Amino acid sequence: MGGGEPGDSLLRCGGLVLDARLSAVLGMLGSGATDEAAARALEVSVRTYRRHVAGIMAMLEVSSRFAAGVRVARLGVLDTRPGGAE
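Read in order, the letters of the sequence shown are residues 130 to 215 in my numbering.
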């Protein structure tokens, strides 16, 4: 589902492995962007973006975007501090 090229950097945390594209999708989810705005920012179609979201939800074994956010925060996959990393 990641569609990454060989050699792409992978993010590994708590058994979860995300390529750069899925990491970017997680970031867009966390930002609260609409699917349309996120797809535009990532230069993919809305359908592709939604497929990425569905793939992440399947990897996390959750049934909602909210639950995915909670799981990602617990795993520490993304920096959730205001203002990001210092």
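A virtual CB, placed ideally from N, CA and C, is assigned to each residue, including glycine.
Being a predicted model, the structure only gives us computed values, none of them experimental.
Annotation note: the region 153 to 186 contains the following uninterrupted alpha helix (DSSP H) runs of length 4 or greater, listed N- to C-terminal: 164 to 171. It is roughly 16 angstroms from the alpha-carbon of A167 to the alpha-carbon of G198.
The beta carbons of V175 and R194 sit no closer together than 8 angstroms. Residue environment: V146 is assigned as exposed (fewer than 16 neighbouring CB atoms within 10 Å of its CB, all protein chains considered).
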